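First up is the structure itself, then whatever we jot down about it.
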Amino acid sequence: LRFQGQYFDGETGLHYNRFRYYDPVVGRFVHQDPIGLFGGENFYLYGVNPIEWIDPAGLSTHRNRMDRVAGKSPDHQTHHKVPQDIFNKRPILNCIDRHALENLINLPKKTGQFGGKKGKWFGKSTHNTNHNDYSDAILSAIDREIASSGGCPKQLSKRVNEMQDFLHKELKKGTPIMKSEGSTFKLWDDLLKKGGF
């Protein structure tokens with residue numbers, strides 16, 4: 007099985023990706039990823055799941071990922087638990103996939119209108135405009151985590167994942183993220199601190 011962008015080397019029996027050899031028998035690269043931790047925690051990995059993680063046209067979006075697992079939900083918006091702009095403000099977070107399903111949840115566009123959608127991928131907090139206080143509180147918590155992790159991407163990644171789980175529970179309950187519904191920086195900052203972040 008050869009993946010996109012690979013060439014077969016008949017002499018070695020390996021697949022070649024411009025500068026790295028891939029062994030399809032073990033499902034790993036033979037050499038470490040030259041970009042280090044920016045490629046993820048496993049230096050020899052092709053993809054988390056190269057059978058399912060394909061995007062030949064390069065058009066996959068976070069919404070497409072969510073639609074595949076949760077089904078289409080036009081009355082909801084896909085929300086990034088750790089907002090996208092935080093990844094832009096803190097480049098150390100680039101070792102984490104901002105569009106990973108662990109960072110996404112579908113939230114209703116209108117207050118209290120869930121459209122019968124329940125389950126793992128749906129929350130009750132309304133999402134139809136920006137949420138600056140929520141984002142600022144998350145950024146503050148991320149900064150605390152960066153300081154306490156000593157800049158170690160592996161430790162930081164673990165803590166951000168735990169934070170995403172915590173945020174997921176709050177968003178499922180319906181804790182407001184929009185100012186018009188009572189969201190404040192203090193509300194989210196206190197919740198995050200109480201949650202250990």
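To get the numbering used here, take the position in the sequence shown, counting from 1, and add 6. The beta carbon of each residue, even a glycine, is placed where N, CA and C say it ideally should be. Everything numeric in this text was worked out from a predicted model, so none of it was measured.
Nearest in C-alpha terms to residue 157, of all of 186, 144 and 101, is 101. For the set 83, 109 and 132, the Cα lying nearest the Cα of residue 174 is the one of 109.
Nearest to residue 136 by alpha-carbon distance, out of 73, 89, 161 and 203, is 89. Residue environment analysis places residue 14 among the exposed positions, since fewer than 16 neighbouring C-beta atoms fall within 10 angstroms of its C-beta.
The shortest CA-to-CA distance from residue 129 to any of 172, 103, 195 and 198 is the one to 172.
Here residue 146 is actually not in contact with residue 91; their C-beta atoms are around 14 Å apart, not less than 8 Å. Residue 166 counts as buried, since no fewer than 16 other beta carbons sit within 10 angstroms of its beta carbon. Membership of residue 159 in the alpha helix (DSSP H) is indicated by the continuous run 159-179. Bounds of any beta strand (DSSP E) do not take in residue 12, whose DSSP letter is neither H nor E.
For residue 113, the uninterrupted beta strand (DSSP E) run begins and ends at 110-114, by DSSP.
In the DSSP assignment, the residues bridged to residue 20 are 15. Distances from the CA of residue 197 to each of 74, 144, 97 and 159 were compared; the closest alpha carbon is that of 144. Per DSSP, the continuous beta strand (DSSP E) segment holding residue 82 begins and ends at 82-86. With a contact defined as Cβ atoms closer than 8 Å, residue 114 and residue 73 miss out at about 16 Å. In the structure shown, residue 128 falls within a strand segment according to DSSP collapsed to helix, strand and coil.
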